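Peer 1:
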């Protein structure tokens, strides 16, 4: 799952709505927008940290003289050094930050449900919006059936196709 900037406000809104409707949290009507912005800030901070890791990765590739085919490998190294969680671990980290926020925020009057219930509900909202990567992967692969997977030609075309699909869906 990948977090895209354009879905952050939607995820924030749906999380606060869902948790409020289900009686898991209580938020004054005047503070709903602030609570949503706080959740958005958590996700935006995560993306900013990810961009810092990406920048460090690009610099490391240049220093080491590697080409971009090693980007993911070097990115994992850079993330480990910085203690940055990626992928599903990253989403879990963001959800934990959101729950922590809900418990200490002045914008949330009361939290009635235990962490595991909040985690499950927030995850289901996020999953709905973040599973788009799986759809994009399937669509890109279906467009590239004429190329053999694992070849450099496939890798190059796959990356181009994924970017085109993301642009078409407004995710970039």
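Residue numbers (our numbering): 19 to 190.
Just so you know, even glycine gets a beta-carbon here, dropped at the ideal spot from N, CA and C.
The model shown is predicted, which means the values in this text are computed figures rather than measured ones.
#1: Return the residue from the list 27, 47, 42 that minimises the CA-CA distance to residue 59.
#2: Provide the residue span of the alpha helix (DSSP H) that contains residue 118, from first to last.
#3: Where does residue 80 sit, in a helix, a strand or coil, going by DSSP?
#4: Residue range of the alpha helix (DSSP H) that residue 148 falls in?
#5: Alpha carbon to alpha carbon, what distance is there between residue 128 and residue 53?
#6: If you count every other CB in all the chains shown that lies within 10 Å of the CB of residue 125, and 16 or more means buried, which is it?
#7: Taking DSSP as the reference, what is the three-state secondary structure of residue 127?
#8: Residue 30 lies in the alpha helix (DSSP H); which residues open and close that run?
#9: What is the rounded straight-line gap between the Cα of residue 94 and the Cα of residue 132?
#10: Taking residue 64 as the reference, give the member of 116, 162, 178, 183 with the closest Cα.
#11: Please report the distance separating the alpha-carbon of residue 174 from that of residue 62.
#12: Use the C-beta contact count for residue 56: other C-beta atoms within 10 angstroms, 16 or more gives buried, fewer gives exposed.
Peer 2: A quick look at the data gives this:
#1: Of the listed residues, the one whose Cα sits closest to residue 59 is 27.
#2: Unbroken alpha helix (DSSP H) run through residue 118: 105-122.
#3: Looking at residue 80 - three-state DSSP - the assignment turns out to be helix.
#4: Secondary structure note for residue 148: its alpha helix (DSSP H) is the uninterrupted segment 133-148.
#5: One Cα belongs to residue 53, the other to residue 128, and the distance between them is close to 12 Å.
#6: Of the residues assessed, residue 125 falls on the buried side of the cut-off, its CB having 16 or more other CB atoms within 10 angstroms.
#7: Reduced to three states, the DSSP call for residue 127 is coil.
#8: 26-39 is the extent of the alpha helix (DSSP H) around residue 30.
#9: When rounded, the distance between both Cα atoms is 33 Å.
#10: In terms of CA proximity to residue 64, 116 leads the group 116, 162, 178, 183.
#11: C-alpha separation (whole angstroms): 29 Å.
#12: Buried, because 16 or more other Cβ atoms sit within 10 Å of the Cβ of residue 56.
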